[in-house]
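Below you'll find the structure, written out as structure tokens, and then a few comments.
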Amino acid sequence: MSALGGQAVQQEAVLPTAAGRETARLLSPTLLLCIAGLLLPNALSIGAMISGIGLPPRTTAIILYAMVALSVRYLAAVPVAVLFVVVAIYDGISTIALQFGLAPSEIGLALHLANELDLFKSPLYAALIVGVISFAGLCIFMLTRFRAALRNGSTGISLAAVLLFVGADFTGNTSAHYQFGALYGANAPMQSAAVSSGFRDTVLTGKPKRVLVVIVEALGKFADPLKQEALLKPFRNPELQKRYRVTNGSTTYFGSTTAGEMRELCDTRASYSKVASLTGEHCLPQLMRERGYKTEALHHFTKSFFDRAEWYPKIGFQEYAFREDLKPKKRRKCGGPFRAPCDVEMLPRITRAFQEAKEPLFYYWLTLSTHVPVMLSDATPQLDCANRGGAFGHKEVCGMAELWMDVFDGIIDMTAQIGPTEILLVGDHSPPLWSRAGRALFEPGKVTWVRLSPRGAE
Numbered sequence: 033m034s035a036l037g038g039q040a041v042q043q044e045a046v047l048p049t050a051a052g053r054e055t056a057r058l059l060s061p062t063l064l065l066c067i068a069g070l071l072l073p074n075a076l077s078i079g080a081m082i083s084g085i086g087l088p089p090r091t092t093a094i095i096l097y098a099m100v101a102l103s104v105r106y107l108a109a110v111p112v113a114v115l116f117v118v119v120a121i122y123d124g125i126s127t128i129a130l131q132f133g134l135a136p137s138e139i140g141l142a143l144h145l146a147n148e149l150d151l152f153k154s155p156l157y158a159a160l161i162v163g164v165i166s167f168a169g170l171c172i173f174m175l176t177r178f179r180a181a182l183r184n185g186s187t188g189i190s191l192a193a194v195l196l197f198v199g200a201d202f203t204g205n206t207s208a209h210y211q212f213g214a215l216y217g218a219n220a221p222m223q224s225a226a227v228s229s230g231f232r233d234t235v236l237t238g239k240p241k242r243v244l245v246v247i248v249e250a251l252g253k254f255a256d257p258l259k260q261e262a263l264l265k266p267f268r269n270p271e272l273q274k275r276y277r278v279t280n281g282s283t284t285y286f287g288s289t290t291a292g293e294m295r296e297l298c299d300t301r302a303s304y305s306k307v308a309s310l311t312g313e314h315c316l317p318q319l320m321r322e323r324g325y326k327t328e329a330l331h332h333f334t335k336s337f338f339d340r341a342e343w344y345p346k347i348g349f350q351e352y353a354f355r356e357d358l359k360p361k362k363r364r365k366c367g368g369p370f371r372a373p374c375d376v377e378m379l380p381r382i383t384r385a386f387q388e389a390k391e392p393l394f395y396y397w398l399t400l401s402t403h404v405p406v407m408l409s410d411a412t413p414q415l416d417c418a419n420r421g422g423a424f425g426h427k428e429v430c431g432m433a434e435l436w437m438d439v440f441d442g443i444i445d446m447t448a449q450i451g452p453t454e455i456l457l458v459g460d461h462s463p464p465l466w467s468r469a470g471r472a473l474f475e476p477g478k479v480t481w482v483r484l485s486p487r488g489a490e
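If you use the numbering used here, the sequence shown corresponds to residues 33 to 490, in order.
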């Protein structure tokens, strides 16, 4: 009896051990499958969610990565690696397009010109580049090195994990800010600051001698009226208001900077390439040129960026200057990846253009220094940003506000040095901030405009 009891105890001890080994045999490949198909390819997204960085929802990419991991059951190592690279490229392009509101036609050109950017000037971009390369390499290594184990992983468990993450990604990253990319504006009613402010009608019919349009990089509209009021404080300058009527408001935007240029200069949501092919017949520069104005444009970044040197003359600009055209001179540089002379360094050039003009002048300036990510040290300290982000409660947003206000102050000072000038300042798009909290400070789909109209006749 004791012998039989001992045998039973021995069998009971063996059974759990065997079951444990079987469980381990199943769980280990499943864990590897989840790591290769979910954790590693989405590691940066997971880290972003934890750290408060906002990314667009990546539903399709998340599912495709999982499908690539499952494809090891049917495909050889090289095709699996190629598939992973294709999905990674799609993931990067679609994320960048949604993050910055780019049209598909602009993405390839933007990536082609990436060598013009000093990406490692931004710690965030440097970390993203290193992270993408590292995690992609690890994924490819796992997908090709552990193929036998991955084939034995549980499809059901791995897909359940993927669906849970898709839900978390969609819930955590869905934002109205991502609904104003270039494609979303195709059938939207046309709206622009130039029209709604009355600026376009005035300059086309009133024949002012001097006209200035400034598209201010990433000048969104604060959702909080008090923050918006703090931003526009420079325009309450009593001396300015003696000389100019100051009005302000907001308009809806779709797309990136080039879309903003088309909106305000050409009153259209069509792409710059399409408008340029039609010789810019409805664009302000062309219309002003036909009315006897000299038309000039200034953008102090490279002329090859989005082919501006090619299409600026096609929409009516007689003269245009880019970073390459600026005379060698010691100028203070601003910006992170978009490194160039500071916006405020361009104001003397614009002032001289108006002072020396022998004929009516239409001048257009596209600013740059507030291109995300900004360098907080570039601005003139005036909002106590170091103290928990000052009145804006966010250091990066506060730094951007200081840079915008530097431009505002410079324009206001310039009005005292030139004759009466019709002036319109307007944002191209809302700031495409990586910080979820920073983006939340701005009203989705809106940009700020300010119009300065001379009091009395010249």
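Cβ atoms here follow ideal geometry from the backbone N, Cα and C, with glycine treated the same way.
As a quick exercise: from the options, pick the residue whose alpha carbon is nearest that of residue i.
{"i": "Ser154", "options": "Val404, Val246, Lys265", "result": "Val404"}
{"i": "Lys478", "options": "Gln350, Phe370, Ser288", "result": "Ser288"}
{"i": "Ser219", "options": "Tyr344, Arg301, Leu64", "result": "Here the sequence assigns Asn to residue 219, which means Ser is not the residue at that position. Nearest option by C-alpha distance: Arg301."}
{"i": "Tyr396", "options": "Leu107, Leu272, Thr383", "result": "Thr383"}
{"i": "Leu310", "options": "Trp343, Val198, Ala255", "result": "Trp343"}
{"i": "Ile120", "options": "Val104, Ala93, Ala341, Phe132", "result": "Checking the displayed sequence, the identity of residue 120 turns out to be Ala instead of Ile. The residue with the shortest Cα to Cα distance from Ala120 is Ala93."}
{"i": "Asn269", "options": "Leu71, Pro463, Ala448", "result": "Ala448"}
{"i": "Gln131", "options": "Gly368, Ala433, Thr206, Tyr210", "result": "Tyr210"}
{"i": "Val419", "options": "Asp410, Thr412, Cys430", "result": "Residue identity check: residue 419 is Asn in the sequence provided, not Val. Checked all of Asp410, Thr412, Cys430; the closest Cα to Asn419 is Cys430."}
{"i": "Ala101", "options": "Leu70, Phe386, Pro464, Glu356", "result": "Leu70"}
{"i": "Asp445", "options": "Pro266, Lys306, Ser282", "result": "Pro266"}
{"i": "Gly163", "options": "Glu271, Ala75, Leu64, Asp233", "result": "Ala75"}
{"i": "Asp441", "options": "Asp416, Pro380, Met407", "result": "Pro380"}
{"i": "Leu170", "options": "Gly348, Thr327, Ala68, Ser462", "result": "Ala68"}
Determine the burial state of residue i: buried for a count of at least 16 other Cβ atoms within 10 Å of its Cβ, exposed for fewer.
{"i": "Arg177", "result": "exposed"}
{"i": "Pro111", "result": "exposed"}
{"i": "Ala200", "result": "exposed"}
{"i": "Leu251", "result": "buried"}
{"i": "Gly488", "result": "exposed"}
{"i": "Ala56", "result": "For Ala56, the predicted model reports a pLDDT of 47, less than 50, meaning its position is unreliable and no value from the coordinates is stated."}
{"i": "Phe474", "result": "buried"}
{"i": "Leu195", "result": "exposed"}
{"i": "Ser60", "result": "exposed"}
{"i": "Ile82", "result": "exposed"}
Which two residues bound the contiguous alpha helix (DSSP H) that contains residue i?
{"i": "Trp343", "result": "340-343"}
{"i": "Arg295", "result": "289-298"}
{"i": "Leu258", "result": "257-263"}
{"i": "Gly204", "result": "187-205"}
{"i": "Tyr122", "result": "109-132"}
{"i": "Arg420", "result": "No alpha helix (DSSP H) contains Arg420, which DSSP labels as neither H nor E."}
{"i": "Gln211", "result": "First-last for Gln211: undefined, no H or E at that position."}
{"i": "Ala98", "result": "91-102"}
{"i": "Lys106", "result": "A quick correction: the sequence has Tyr, not Lys, at residue 106. No alpha helix (DSSP H) holds Tyr106; DSSP gives it neither H nor E."}
{"i": "Thr447", "result": "427-447"}
{"i": "Leu71", "result": "Where Leu71 is concerned, there is no enclosing alpha helix (DSSP H), given that its DSSP letter is neither H nor E."}
{"i": "Lys306", "result": "304-309"}
State the beta-bridge partners of residue i as determined by DSSP.
{"i": "Ile455", "result": "Leu244, Leu484"}
{"i": "His331", "result": "Leu398"}
{"i": "Val278", "result": "Leu484"}
{"i": "Val479", "result": "Gly252, Thr283"}
{"i": "Lys326", "result": "Leu393"}
{"i": "Ser467", "result": "Ile85"}
{"i": "Pro373", "result": "Lys365"}
{"i": "Phe474", "result": "Phe254"}
For the beta strand (DSSP E) holding residue i, just list the boundary residues, first then last.
{"i": "Lys491", "result": "Residue 491 cannot be examined here, being either before or after the span of the chain that is shown, 33 to 490."}
At the 9 Å Cβ level, is residue i part of the contact set with chain C, yes or no?
{"i": "Glu391", "result": "Annotation note: the requested chain C is absent from the structure, which comprises a single protein chain."}
For residue i, verify whether its CB is less than 8 Å away from any heavy atom of the ligand SAM.
{"i": "Gly140", "result": "Among the components modelled here there is no ligand, and therefore nothing to report on the ligand SAM."}
Exercise for the section: Run through the segment 343-371 for me and flag every whole alpha helix (DSSP H) of 4 or more residues, listed as ranges in chain order. Expected result: none
Exercise for the section: Counting only runs of 3+ residues fully inside the segment 138-183, write out the beta strand (DSSP E) ranges in chain order. Expected result: none
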